[in-house]
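Engineer: Numbering (the numbering used here), first residue to last: 495 to 638.
Glycine included, C-beta positions come from ideal geometry on N, C-alpha and C.
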Amino acid sequence: MKSVASAGGEEAQETAAAQRLDKWLWVARFYKQRKLAHDAIVGGHVHLNGQRVKPARLVRCQDELSIVKGDVTFTIVVLQLGKQRGSATVAATLYAESEASCQQRMQQLETRRLERSFTDNAPVQRPDKRQRRHLAQLKSRQFE
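Rendered as structure tokens:
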């Protein structure tokens with residue numbers, strides 16, 4: 495009987511040192527809702543140790559995660575497991591982003607900022623009635 499109890503105790507310690515991936519992503523504030531974290535994992539936007547995984551996969555300390563959100567890719571190492579969702583400062587202590595990932599994100603941010611500065615030809619406000627009428631006339635002339 496004691497061997498069965500100790501085996502169960504070891505299993506409890508094993509699960510205590512691990513956490514579901516979708517829950518960890520939610521606790522670490524990468525996604526606002528656990529369902530969004532689940533959908534991102536199922537969609538292949540999150541990789542654990544270089545492999546595509548399921549949302550129920552257990553994440554442990556020192557695991558490497560690659561998270562793609564839009565154009566931004568985060569490569570992080572899990573430092574701690576969270577018990578509950580807290581503030582952003584507490585969430586930032588749960589992981590460490592790699593230096594290469596941080597530099598790549600900053601470079602992408604700078605590139606987008608420069609692209610936006612060159613394409614700022616958009617009008618400041620919407621056209622009024624007279625300007626809309628004039629635009630409509632111009633467009634109708636193009637098709638004649």
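Tell me the DSSP secondary structure of residue 563 in three-state form.
Structural biologist: Strand, per DSSP.
Engineer: Using alpha carbons as the reference points, say which of 524, 548, 537 lies closest to residue 569.
Structural biologist: The option with the nearest alpha carbon to residue 569 is 524.
Engineer: How big is the Cα-Cα spacing for residue 608 and residue 602?
Structural biologist: Their Cα atoms are separated by approximately 10 angstroms.
Engineer: Keeping to the same chain, check which residues put their C-beta closer than 8 angstroms to that of residue 539; ignore five residues upstream and five downstream.
Structural biologist: Closer than 8 angstroms at Cβ, skipping near neighbours: 561, 562, 563.
Engineer: Within 10 Å of its beta-carbon, does residue 555 have 16 or more other beta-carbons around it, so buried, or fewer, so exposed?
Structural biologist: Exposed: under 16 other Cβ atoms inside 10 Å.
Engineer: Under 8 angstroms, with one C-beta from each stretch per pair, do the region 516–533 and the region 581–595 reach the 3-pair mark?
Structural biologist: Flag = yes, the region 516–533 and the region 581–595 touch.
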